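There are 2 protein chains.
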Amino acid sequence: MPNVKKPLPTDAELSILNVLWGKGPSTVRAVFEALPASAGYTTVLKTMQIMAEKGLVKRDESERSHVYRAAVGAEATQERMVGELIDKAFSGSAAQLVMRALESRVSSKEELAAVRALLEKKKGGA
Amino acid sequence: MPNVKKPLPTDAELSILNVLWGKGPSTVRAVFEALPASAGYTTVLKTMQIMAEKGLVKRDESERSHVYRAAVGAEATQERMVGELIDKAFSGSAAQLVMRALESRVSSKEELAAVRALLEKKKGGA
DNA sequence: AGATGTCAACGAAGACCTTCGTACATTCAA
DNA sequence: TTGAATGTACGAAGGTCTTCGTTGACATCT
Numbered sequence: 110m111p112n113v114k115k116p117l118p119t120d121a122e123l124s125i126l127n128v129l130w131g132k133g134p135s136t137v138r139a140v141f142e143a144l145p146a147s148a149g150y151t152t153v154l155k156t157m158q159i160m161a162e163k164g165l166v167k168r169d170e171s172e173r174s175h176v177y178r179a180a181v182g183a184e185a186t187q188e189r190m191v192g193e194l195i196d197k198a199f200s201g202s203a204a205q206l207v208m209r210a211l212e213s214r215v216s217s218k219e220e221l222a223a224v225r226a227l228l229e230k231k232k233g234g235a
Numbered sequence: 110m111p112n113v114k115k116p117l118p119t120d121a122e123l124s125i126l127n128v129l130w131g132k133g134p135s136t137v138r139a140v141f142e143a144l145p146a147s148a149g150y151t152t153v154l155k156t157m158q159i160m161a162e163k164g165l166v167k168r169d170e171s172e173r174s175h176v177y178r179a180a181v182g183a184e185a186t187q188e189r190m191v192g193e194l195i196d197k198a199f200s201g202s203a204a205q206l207v208m209r210a211l212e213s214r215v216s217s218k219e220e221l222a223a224v225r226a227l228l229e230k231k232k233g234g235a
């Protein structure tokens with residue numbers, strides 16, 4: 110389906126995608142109001158227009174207030190961004206990145222348990 | 110000692126830091142030749158000069174060929190970069206990033222074992 | 001109808017990054 | 001001493017990203 114390679118989102122674009130992923134299809138105003146206190150309305154609008162050009166979001170223009178929805182998945186995007194960081198900063202070693210993240214950031218018991226469970230699954234599985 | 114906050118390295122800067130971290134203090138030419146096939150010599154030089162201004166590297170000018178060494182640690186830099194990604198793309202959850210990395214990238218038995226060992230240490234420790 | 005508010009569109013500015021041409025100094029060899 | 005090689009320094013171009021002012025269309029309220 111994705112016949113064209115979509116670029117990774119920039120910082121501003123990612124913060125907008127986070128809103129769309131959380132709230133579903135939204136108008137520019139809704140996104141603008143959901144954002145902490147960042148930029149002005151026209152800045153958000155402009156960024157979303159650029160995102161539409163890039164294919165990161167789809168736009169429904171049937172109403173006067175256009176409705177935008179994410180055109181890239183959260184998981185796929187996270188995966189690509191992590192992969193990029195692994196290649197750039199960890200010589201391609203996912204395990205190194207994982208250990209650096211676990212060492213430097215405290216995680217709750219529940220989160221650590223989830224990671225352990227995933228590791229067990231990988232052990233048993235492939 | 111780091112009285113000023115050093116910015117995170119850009120992509121080109123990070124590739125240079127990777128060389129310095131691996132080979133130790135080096136001249137521009139040595140770095141240039143260690144880099145895959147990326148940019149021209151003056152591009153590498155310019156980038157390293159900018160890095161010196163930013164405080165990412167230190168420069169020894171006592172010889173005609175200046176010798177540069179990394180002024181930021183590999184681990185600390187990796188830690189900050191991972192942290193930034195966690196905040197931007199994973200709502201601050203390190204565990205989520207870890208799981209995404211483990212799911213999407215194959216790791217060797219040894220690497221997975223190392224991650225498990227780290228988790229056990231965290232379990233027993235704090 | 002006229003005033004007011006909301007919206008998309010456009011253009012441009014400012015910051016940063018990457019790239020490289022050019023200039024100038026130094027070293028070394030013929 | 002002249003010329004080639006090697007080095008730093010400088011400046012500028014081209015790209016991307018973020019930001020926002022302004023404009024014109026449309027809607028709504030009085």
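Line by line, the protein sequences are chains X and A.
Going from the first sequence to the numbering used here is simple: count from 1 and add 109.
Going from the second sequence to the numbering used here is simple: count from 1 and add 109.
C-beta: ideal position from N, C-alpha, C; glycine also.
Treat the numbers as computed from the prediction; the structure is a model and nothing was measured.
- In the three-state reduction of the DSSP assignment, A179 of chain X falls in the strand class.
- Y177 of chain A counts as buried, since no fewer than 16 other beta carbons sit within 10 angstroms of its beta carbon.
- Around the beta carbon of V215 of chain X, a 10 Å sphere encloses fewer than 16 other beta carbons of the protein chains shown; the residue is thus reported as exposed.
- In the DSSP assignment, K167 of chain A falls within the unbroken beta strand (DSSP E) covering 166–169.
- Within 7 Å of the CB of R225 of chain A, the CB atoms of chain X belong to L228, in sequence order along the chain.
- When CB distances to chain X are screened at a threshold of 7 Å, not a single residue of the stretch 124–149 of chain A falls below it.
- Taking C-beta atoms under 8 Å as the contact rule, S124 of chain X and L144 of chain X qualify, at a distance of about 6 Å.
- Interface with chain A (9 Å Cβ-Cβ cutoff): A179 of chain X is excluded.
- In the structure shown, S213 of chain X adopts helical secondary structure according to DSSP, grouped into three states.
- The Cβ atoms of M190 of chain A and L194 of chain X lie closer than 9 Å to each other.
- Non-local C-beta neighbours of P116 of chain X in its own chain, meaning closer than 8 Å and more than five positions away in sequence, comprise K163, L165, ordered along the chain.
- Neighbourhood of M208 of chain A in chain X, by CB distance below 8 Å: A223, V224, L227, in chain order.
- Non-local beta-carbon contacts of H175 of chain X in its own chain, meaning distances under 8 Å to residues more than five positions away in sequence, involve T136, V137, R168, D169 in chain order.
- Contact annotation: L129 of chain A and V113 of chain A have beta-carbon atoms that are not nearer than 9 Å.
- Partner residues in a beta bridge of T119 of chain X, as assigned by DSSP, do not exist.
- Check the Cα spacing between K232 of chain X and each of A:S202, A:A222, A:G192: the tightest is with A:A222.
- DSSP places K114 of chain X in no alpha helix (DSSP H); its state is neither H nor E.
- A:T156 is the residue among A:T156, A:A185, A:K197 whose C-alpha sits nearest the C-alpha of E122 of chain A.
- Listed along the chain, the chain A residues whose CB falls inside 7 Å of the CB of Q187 of chain X are A198, F199, R209.
- In the three-state scheme derived from DSSP, where H, G and I count as helix and E and B as strand, S124 of chain X is classed as helix.
- About 5 Å separates the CB atoms of A198 of chain X and Q187 of chain A; that is less than 8 Å, so the two are in contact.
- For the pair V207 of chain A and V207 of chain X, the CB atoms are nearer than the 9 Å cut-off.
- With at least 16 other beta carbons inside 10 angstroms of its own, R209 of chain X counts as buried.
- The contact set of R173 of chain A on chain X, defined by CB atoms closer than 9 Å, is empty, because the minimum CB distance reaches about 33 Å.
- Ranked by Cα distance from S147 of chain X, the options X:P134, X:S200, X:D120 are led by X:D120.
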